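One structure below.
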Amino acid sequence: MTDDILISARDLTVGYQIGKGIFNKTILNAVNGVSLDIERGSFFGLVGESGSGKTTLGRALLKAAPITGGHARYADGEVDYDLSTLDGAALKDYRKRAQLIFQDPYAALSPRMTVRDIIAEPLEVMGLTKGRAETDERVREIAAKCRLNLEHLRRFPHAFSGGQRQRISIARALVAGPQFIVADESVAALDVSIQADVLNLLKQLQADLGLTFLFISHDLSVVAHTCDHVAVMYLGRLVETAPTRKLFAAPRHPYTKALFSAIPSLDPDDRGSAQKLTGEIPSPLNQPSGCKFHTRCPNAIDRCRSEEPSLENTGDGHSVSCHRWRELLEAVPA
Amino acid sequence: MTSLIDVKNLTLRFRTDEGLVKAVDDVSFSLKKGEVMGLVGESGSGKSVTAKALMHLNARNAVYDEGSKITLHTDDHGEVDVLSLKRPADMKIVRGGAISMIFQEPMASFAPAITIGSQMIEQLMLHSDMSKAQARALSIEMLDRVGISDPAKRIDQFAFELSGGMRQRAMIAMALSTKPKLLIADEPTTALDVTIQAQVIDLMKDLVNEFHMGIIFITHDLGVVAQTADKVCVMYLGRVVEEGPVREVIRNPKHPYTRGLIAALPQLDDLDAPLVPVPGDIPSPLERPSGCVFHTRCQEFMGDMCKTRLPQDIWIDPDHRVACHLHDPKETGK
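Residue numbers (this note's numbering), protein chains in the order written: chain E, 1 to 334; chain V, 1001 to 1334.
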């Protein structure tokens, strides 16, 4: 493994026990055998439908969901942690280095705290500053970076619009000086006009502070514009991962193709020409045999129903988990 | 095509502790039978309040201005002046009778402790003289029509037993079972995944053709509008700033706000294009700007004229209007 990989996961599995008692134990694997590398300073996108396990994977990498199999490693040059066994003082230290930005800026901020207190809370809880003066200094510094008006620090969240609130939650996530940020659907609740502003801010902060982002989203056009590298998840598994441009220029997995064609086109004359997916994502408790996507795949054959494909590296950082990607590539003239 | 609903000079204020707050300001539009209109704007632009006014469904503290008039053309009751309806018995004509509404969050719109079927049957019996058995048969037929598998079993299930896409389908089935002339869909696909969104959009298009009803599609996603609507109304801070055929408005937007909304949208065909946010936030309705309501954020701001005088509708084409001084030959001297 090279030095510039900040987060690496190998066969990472997150399982929850469903049902009580000795005889009624069912394990639900929300994330199943995921391997990925996130380069330092990159904007790594994670896409998939609801129920694909993208949020759970993000949480597992923050050590906020139980890792029941495989390994995840965080190495930023100063420390090197194995996330599956991390605890005690090392876990506390990891909390400073890895932070989460939530989806809904209306629910994520306490209505009874001023903006200053909200942003200062991580510093106080982790005891990172020596006194109030230093805390204030740090809060003002990060608030300015997040383009918040310093006079607003004394106000309460209800006085702010969605975009401003999201900037407050970003400031709170960044105040402790983390290296790794998980942004879970951080622009999904915002209007398009504001969404562009928050995305530009995240990119700016990433460049200024050298941060590494795991950007979880179901909106592919947003991911295409912000991320360097994209991984597509389906039912707890990675089905395809590639540098953004490669993926969008030539998606190889039928699921990725279907996701792309489902994006509503801004061209009113281009209606309904695309291939549409039928049905919904199956329940993780009742997973299909073989390739998990075969129940909705337009290209499924017998082999797909019986044998599960593995993630195959096809060169240039592009990996795909499909038995037929090579045939399908040839079938469609470029 | 004949007119279905005419909205004339609709102005609506809410009585609040902080005084009268103007939510809708002099809105006029009409919709023909079988026409699909997209109502677009940011949160706080008054789109939902306008739509609810069509059913006289706003809260008790809503005050309608003298000149406001909403006329609904029905087959059974002739012309109905919606705002003059007082008694609940009369309201039935517009609420669920001639007009049905689909809400954004299908989980919040179904009662959680009553089966889907009971809710569908209840409203059918309220709005028609069907027997319970007939209502049940029709409900099952409608569920089948919107693509829910095994409808005879699903009808006795509760909302939590259905997935998000299925709940929205059930919602649509319920809204359409009374054969409304006008369907108001308030962000019907916002809470859904792109793949399910594509299915719901297809379904709604089929249903327009089959039932020949008018649809008002409230959304902030211009892609969804491009895929579904015949015409678009763009709202900002309670005012219609631009209205026109969908091709015209999306390809040749006239109002700086419409242009801003389109520029802010991440587009897949040009990944290098920067995302341009509409600067600033939508002002609070308590502090409505003077003159043109958009002047505080406008890229084309032309000084005092925009600050002091309210722009009137300029007709670019017989069906395309824009409220902006930029297009007024008298103001610009062109």
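Where is the CB? At the ideal position from N, CA and C, for every residue including glycine.
Please read these numbers as outputs of a predicted model, since none were measured by experiment.
**OP:** Kindly indicate if chain V contains any beta-carbon less than 7 angstroms away from that of Asp-208(E).
**Re:** Cβ-Cβ to chain V under 7 angstroms: no for Asp-208(E).
Original post:
What is the C-beta distance between Ile-216(E) and Val-182(E), in whole angstroms, given that I count them as a contact (C-beta under 8 angstroms)?
Top reply: Contact flag correct, Cβ pair sits at about 7 angstroms.
Original post:
Can the beta-carbon of Leu-1182(V) be found less than 7 angstroms from the beta-carbon of Ile-1099(V)?
Top reply: Yes; because the gap between Cβ atoms is below 7 angstroms, this pair is in contact.
Original post:
Between the Cα of Tyr-94(E) and the Cα atoms of His-225(E), Leu-109(E), Leu-62(E), Asp-117(E), which residue gives the shortest distance?
Top reply: Among His-225(E), Leu-109(E), Leu-62(E), Asp-117(E), the Cα nearest to that of Tyr-94(E) belongs to Leu-62(E).
**OP:** Find the residues of chain E that neighbour Ile-1196(V), judging by a C-beta separation of less than 7 angstroms, and give them in chain order.
**Re:** Within chain E, the C-beta atoms nearer than 7 angstroms to that of Ile-1196(V) come from Glu-280, in chain order.
Subject >> Sequence ranges, beta strand (DSSP E) only - wholly within the stretch 24-64 of chain E, length at least 3 >> reply: Counting whole runs of 3 or more residues, the stretch 24-64 of chain E contains the beta strand (DSSP E) stretches 26-39, 43-47.
Original post:
So which residues on chain V does Glu-49(E) lean against when the C-beta distance must stay under 7 angstroms?
Top reply: Within chain V, Asp-1193, Thr-1195 have C-beta atoms less than 7 angstroms from the C-beta of Glu-49(E), given in sequence order.
Subject >> Glu-327(E) versus Ser-310(E), Asp-316(E), Ala-300(E), residue with shortest Cα-Cα distance >> reply: Per the Cα distances, Ala-300(E).
Subject >> Cross-strand partners of His-229(E) (DSSP beta bridge) >> reply: In the DSSP output, where bridge partners are listed per residue, His-229(E) has Phe-44(E), Pro-243(E).
**OP:** Please classify Trp-325(E): is it buried, with 16 or more other beta-carbons within 10 angstroms of its beta-carbon, or exposed?
**Re:** By the neighbour-count rule (16 or more Cβ atoms within 10 Å), Trp-325(E) is buried.
Original post:
Is the CB of Glu-1042(V) under 7 angstroms away from at least one CB in chain E?
Top reply: Residue-level contact by beta carbon holds for Glu-1042(V) and chain E, with a gap shorter than 7 angstroms.
**OP:** Ignore the nearest five residues each way along the sequence and tell me which others in Asp-80(E)'s own chain have a CB closer than 8 angstroms to its CB.
**Re:** Non-local beta-carbon contacts of Asp-80(E) in its own chain, meaning distances under 8 angstroms to residues more than five positions away in sequence, involve Arg-73, Tyr-74 in chain order.
**OP:** Pick out whichever of Gly-1097(V), Gly-1147(V), Asp-1144(V) has its Cα sitting closest to the Cα of Asp-1129(V).
**Re:** The residue with the shortest Cα to Cα distance from Asp-1129(V) is Gly-1097(V).
Subject >> Residue interval of the beta strand (DSSP E) (run including Met-1019(V)) >> reply: Per the sequence presented here, residue 1019(V) reads as Gly, with Met not at that position. Taken as a continuous stretch (DSSP letters only), the beta strand (DSSP E) holding Gly-1019(V) covers 1019-1032.
**OP:** Could you list which residues in chain E have their beta carbon closer than 8 angstroms to that of His-1255(V), in chain order?
**Re:** By Cβ distance, chain E contributes nothing, its closest Cβ being about 13 angstroms from His-1255(V), past 8 angstroms.
Original post:
Whose Cβ in chain V lies nearer than 9 angstroms to the Cβ of Glu-276(E)?
Top reply: Position check: residue 276(E) holds Lys in this sequence, whereas Glu was assumed. By Cβ distance, chain V contributes Thr-1195, Ala-1198, Gln-1199, Asp-1202.
Subject >> Inter-residue Cα distance where the pair is Arg-296(E) and Arg-1095(V) >> reply: It is roughly 38 angstroms from the alpha-carbon of Arg-296(E) to the alpha-carbon of Arg-1095(V).
Original post:
Got a sec? Which residues, its chain only, sit under 8 angstroms from Asn-1009(V) by beta carbon, not counting five neighbours each side?
Top reply: Around Asn-1009(V): Asp-1026, Val-1027, Ser-1028, Asp-1065, Gly-1067, Ser-1068, Lys-1069.
**OP:** Return the bridge partner residues of Thr-13(E) from the DSSP annotation.
**Re:** According to DSSP, which records beta bridges pairwise, Thr-13(E) is partnered with Gly-69(E).
**OP:** Could you tell me whether any Cβ in chain V is nearer than 7 angstroms to the Cβ of Ser-110(E)?
**Re:** At a cut-off of 7 angstroms between C-beta atoms, Ser-110(E) does not count as an interface residue with respect to chain V.
**OP:** Could you round the C-beta distance between Asp-150(E) and Ile-168(E) to whole angstroms and report it? I think they count as a contact, below 8 angstroms.
**Re:** Correcting the residue type first, residue 150(E) is Leu in the shown sequence and not Asp. The pair is not a contact, with the Cβ atoms about 13 angstroms apart (cut-off 8 angstroms).
Original post:
Below 7 angstroms between beta carbons: does that hold for His-1295(V) and Cys-1306(V)?
Top reply: It is a contact, given that the beta carbons lie within the stated cut-off.
**OP:** Please say whether Ile-1172(V) and Ile-1102(V) have beta carbons closer to each other than 7 angstroms?
**Re:** Ile-1102(V) places its beta carbon less than 7 angstroms from that of Ile-1172(V).
Original post:
Gly-163(E) versus chain V: which residues are under 7 angstroms apart at the beta carbon?
Top reply: Simply Asp-1281.
**OP:** Could you say if the stretch 1266-1273 of chain V and the stretch 170-189 of chain E meet the contact criterion of at least three C-beta pairs nearer than 8 angstroms?
**Re:** These segments do not touch.
Original post:
For Val-222(E), which residues in chain V fall below 8 angstroms Cβ to Cβ?
Top reply: Under the 8 angstroms cutoff, chain V gives Pro-1266.
**OP:** Compare the C-beta of Asp-228(E) against all C-beta atoms of chain V and say whether one is closer than 7 angstroms.
**Re:** Among the residues facing chain V, Asp-228(E) is not included, as its CB has no counterpart in that chain under 7 angstroms away.
**OP:** Output the distance between the C-alpha atoms of Met-1302(V) and Gly-162(E), rounded to the nearest integer angstrom.
**Re:** Roughly 28 angstroms separates the two Cα atoms.
Original post:
If contact means a Cβ-Cβ distance below 8 angstroms, which residues of the stretch 245-256 of chain E contact chain V?
Top reply: Of all residues in the stretch 245-256 of chain E, those with a C-beta nearer than 8 angstroms to a C-beta of chain V are Arg-245, Phe-248, reading in chain order.
Original post:
In chain E, which residues lie with their C-beta within 8 angstroms of the C-beta of Gln-1227(V)?
Top reply: Simply Pro-264, Ser-265, Pro-268, Arg-271, Gly-272.
Subject >> Same chain, Cβ closer than 6 angstroms to Val-1082(V), neighbours up to 5 away in sequence not counted >> reply: Short of 6 angstroms from the beta carbon of Val-1082(V), and not among the five residues preceding or following it, lie these beta carbons of its own chain, in chain order: His-1056, Ile-1070, Leu-1072, Val-1094.
**OP:** Select from the stretch 1114-1136 of chain V all residues with a C-beta closer than 8 angstroms to any C-beta belonging to chain E, and list them in chain order.
**Re:** Listed by position along the chain: nothing, the set is empty.
Original post:
What number of angstroms, rounded off, separates the C-alpha of Ile-1218(V) from the C-alpha of Gln-1197(V)?
Top reply: Near 14 angstroms, if we compare the C-alpha coordinates of Gln-1197(V) and Ile-1218(V).
Original post:
Is the CB-CB distance between Gly-1041(V) and Leu-266(E) below 7 angstroms?
Top reply: Contact: no.
**OP:** Could you name the residues of chain V that Ala-196(E) contacts, counting a contact when the two beta carbons are closer than 7 angstroms?
**Re:** Taking a Cβ-Cβ threshold of 7 angstroms, the residues of chain V close to Ala-196(E) are Ala-1264, Leu-1275, Val-1276, Pro-1277, in chain order.
Subject >> Buried versus exposed call for Met-1(E) [16 or more other C-beta atoms within 10 Å across all chains shown] >> reply: Per-residue confidence for Met-1(E) stands at a pLDDT of 45, beneath the threshold of 50, marking its modelled position as unreliable; the derived number appears in the next sentence. Residue environment: Met-1(E) is assigned as exposed (fewer than 16 neighbouring CB atoms within 10 Å of its CB, all protein chains considered).
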